[in-house]
Amino acid sequence: FGPVGGVNINQLTVAQRPCLDATVTVENVRITCTVGPGSGGPYDVFLRIADETDLNTGLRKYNYSVPVVERLEPLNAAPGEVVTIVGDSFGDDISKVAVTVGANACGNLSYAANHTALLCTTPYQTGFDFALFVTVDGLTSAPGAFSYAAPNVTSATSAPVMGGAVTVFGKNFGPAGSANVDSVFLGSSPCLNPTVQVADSAIVCTASEALIQTNGGTFLRSDLDGDGYMDVNVTISGQTSGASGNGAYRFQACTVQNINPYSAVYGGELVTVVGTNFGSKDNRAASGDVLAVRVAGQSALAGAYRMMSTDTTFSFGMPYSVGQHEDFALSINGRECDVSAVAALAIAYGPPVVSRALGGAPPPTRGGAAVFGGKGFGPVGTAYLERVLVGGRECADARVTMNDVQITCTVGAGEGNNLDVEIFASGRSSGDS
13 FGPVGGVNIN
23 QLTVAQRPCL
33 DATVTVENVR
43 ITCTVGPGSG
53 GPYDVFLRIA
63 DETDLNTGLR
73 KYNYSVPVVE
83 RLEPLNAAPG
93 EVVTIVGDSF
103 GDDISKVAVT
113 VGANACGNLS
123 YAANHTALLC
133 TTPYQTGFDF
143 ALFVTVDGLT
153 SAPGAFSYAA
163 PNVTSATSAP
173 VMGGAVTVFG
183 KNFGPAGSAN
193 VDSVFLGSSP
203 CLNPTVQVAD
213 SAIVCTASEA
223 LIQTNGGTFL
233 RSDLDGDGYM
243 DVNVTISGQT
253 SGASGNGAYR
263 FQACTVQNIN
273 PYSAVYGGEL
283 VTVVGTNFGS
293 KDNRAASGDV
303 LAVRVAGQSA
313 LAGAYRMMST
323 DTTFSFGMPY
333 SVGQHEDFAL
343 SINGRECDVS
353 AVAALAIAYG
363 PPVVSRALGG
373 APPPTRGGAA
383 VFGGKGFGPV
393 GTAYLERVLV
403 GGRECADARV
413 TMNDVQITCT
423 VGAGEGNNLD
433 VEIFASGRSS
443 GDS
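Under this note's numbering, think of the first position of the sequence shown as 13, with each following residue one higher.
Shown next, in the form of C-alpha cells:
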C-alpha cells in the first residue's frame, strides 16, 4: 500500500461506493477509510494506488458487522405484544431484516431507530427460553434468550360440591385450545381437561368432587377447611402462575332449604335436613367432623349423621338439650352454610315428659332414692334441670343420670301411692304427664 498517508491512493470503493478519507495507517499493510451505512456482505473492495489496481484481489472481502442484540423491552412480553429490540447493526432497510422467536417470525417489523432499535410483534405462542435471532441482509446475530410472560390468574368461578365446570380468568394463557395448557390445579386437585376457551384470558376445566384424599378424592383437608378458599395454579408451556391465584377458588356454598321435624323434638331423635351442596355419602361417612350441625350452639350427636340422598338430604341426631326457639347452624369443613331459608323454623325441643317410675321397689316411708323415666330431661347432670316434685314435695339432689330419659332424686319421708311427679327443666314443666 506504500507509505503512510493518503497521497498515493487514487480510489477505494466498498460495494461500489466510495470509502471516504482513505489513508494508509500502517506502511504497506493497512488502510483505514470510512464506509457509508449498509448491511450484509460479502462485498467487493476495489483499490487503486499510484494508478495500479488491486487485480481483483478485493472481491467479496468486506462484510458489515453481524447484528448484535443487547436487550429486549419489555423483557417478558405477552403473546402478540410489541417489543423493542435494542442493539446495533440492524441496518436502515427494514426489507432486509428478519426476527425469529423460536421457529416463528416476529411480525410487523419496523425501526424504532435506524441501525440500533427494532419494533416487532411477538408470535402468538407461549413458553420460555426461546432463542431470538435478528438477521440483517443475510447476517444473523448470536441467539438472545426470550421468555413470554407467565400466566397470571385473577379469579375463578365456583363449581357445585359434587364437581363441575370451572372458568379460570386471567391473562397470558395463550391461544385457544388445549395444546399449550400443561395443567390447572385447584388446591391439591387437578382440574380436568383444561382448555383455553378465550385466547389469553379464560380457561375452562372440570373440578372433581370436593372429596378429601382419605375418602378416595383428590383434595387435601386443608384445601377445604375454614372459608373453603384454595389456590389456583395454572401451568402454560412450562410456566406457572405462581402466587397470582392464591385463594382464588372455592366450591359453591351449601344451603339449607328445610328441616323436619323442627318442633317438639327430643334429644337423640333424628332430624332431616334438605338443601344443596352437602356432598356425597362417602365424604360424610368417613369423616363425621366434616359435616357439623349445631343446635343452640351444641353439636349434633357424633356418629349419628346419615346421608339419605347424595348432596341434598341428610339426617342428624339432636343433641341432648331442652328449650324453645333454638338456632340451627350447619357447617361443612368449617365453612358455614346458608340457613337463611329456615331462619323462621327455629328448632323447639319438646317439654319434659314423665312416663314411669323406675328402679324396682319404691323407696320406704322413711324416704330414699327414686328414679323416673321419660324424655326431654336434657343432658346428664343438672345444667337444665331445675326441680323435681313428688306429691307436691321437693325431691332432693335431682340430676339427669341418663341423657334425656332418666332422672334420679331423693324423696323425703312419706307414704301413699299414685303420687304425682312433676319435672321442671329450663322453665318448662312436665305438667300432668
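Don't be surprised by glycine CBs; every beta carbon is placed ideally from N, CA and C.
Of the listed residues the options, nearest to residue i (C-alpha basis)
i    : options                : result
G259 : N88, T35, V165         : V165
G362 : Y317, F145, Y332       : Y332
T284 : G291, S292, Q269       : Q269
A341 : T324, I359, V433       : I359
A177 : A125, K108, Y261       : Y261
M319 : D339, G309, G287       : G287
V38  : G18, D63, R405, L59    : G18
A437 : V423, G371, P391       : P391
I435 : E427, S51, S445        : S445
L204 : V196, S107, A211       : V196
E348 : P376, V302, G379       : V302
T6   : I43, Q28, R29          : Residue 6 lies beyond the stretch modelled for the chain, which goes from 13 to 445, so this question has no answer here.
G199 : V383, Y241, S352, A191 : Y241
V16  : T25, R29, N40          : N40
L236 : V402, T247, A265       : A265
Q251 : V307, G186, A214, N227 : G186
G280 : M414, L24, L87         : M414
G439 : E398, Q28, N184        : E398
P364 : R378, S442, V354       : S442
A214 : D239, V180, G229, T247 : V180
G335 : T96, G428, S275, L431  : S275
V81  : Q23, R378, A353, V113  : V113
I248 : T169, D194, V354       : D194
G150 : P54, C45, G379         : P54
L282 : D105, L130, L313       : L313
G346 : P172, G182, S234       : S234
Collapsed DSSP secondary structure at residue i in the structure displayed
i    : result
A157 : strand
K73  : coil
G428 : coil
S442 : coil
A453 : Lying before the first or after the last residue shown, residue 453 is absent from the chain, which here runs from 13 to 445.
S167 : strand
S275 : coil
A353 : helix
S256 : helix
R306 : strand
G388 : coil
V16  : coil
L313 : coil
M414 : strand
D239 : coil
Q336 : coil
D323 : coil
G300 : Any reading at G300 must be qualified, since the residue scores a pLDDT of 45, below 50, and its modelled position is unreliable; no value is offered.
Beta-carbon proximity list for residue i, same chain, < 6 Å, skipping 5 on both sides
i    : result
P79  : S101, F102, V146, V148, S153
A255 : none
N184 : A90, A161, P163, N164
A211 : P187, A188
R83  : V98
G48  : R29
Close Cβ partners of residue i (< 8 Å) along its chain, the five nearest in sequence each way excluded
i    : result
G175 : T218, A219, S220, E221, A222
D66  : V57, F58, L59, R60
L232 : G199, S200, I224, Q225
A298 : Note that A298 scores a pLDDT of 46, beneath 50, so its modelled location is shaky; the value from the coordinates is reported in the next line. Counting only Cβ-Cβ distances below 8 Å, and skipping sequence neighbours, we find T226, N227.
S311 : A304, V305, P331
A157 : D141, F142, A143, L144
G372 : none
Opposing strand residues paired with residue i [DSSP bridges]
i    : result
C118 : Answer is none; C118 lacks a bridge partner.
N245 : F197
P251 : For the record, residue 251 in the displayed sequence is Gln; it is not Pro. Note: Q251 sits in a beta bridge opposite I248.
T134 : None, per the DSSP bridge assignment.
G380 : V423
Q28  : BP columns for Q28 are empty, so no partner.
A125 : A129
E281 : The partner list for E281 (beta bridge, DSSP) is empty, contrary to what the question assumes.
F145 : T112
V366 : G386
Contact set for residue i: own chain, Cβ-Cβ below 7 Å, skip 5 residues either direction
i    : result
G385 : S367, R368, L370, V417, Q418
H337 : A358, A360
A410 : L397, R399, V400, I419, C421
Y136 : P91, G92, P187
Those runs of the beta strand (DSSP E) which lie wholly inside the stretch 201-237 and span at least 3 residues: Runs found: 204-210, 214-219.
Enumerated in chain order, which unbroken segments of the beta strand (DSSP E) with a length of 3 residues or greater are wholly contained in the stretch 32-116? As summarised for the stretch 32-116, the continuous beta strand (DSSP E) elements at least 3 residues long and confined to that stretch are 32-38, 42-46, 57-61, 80-85, 94-100, 109-113, given in chain order.
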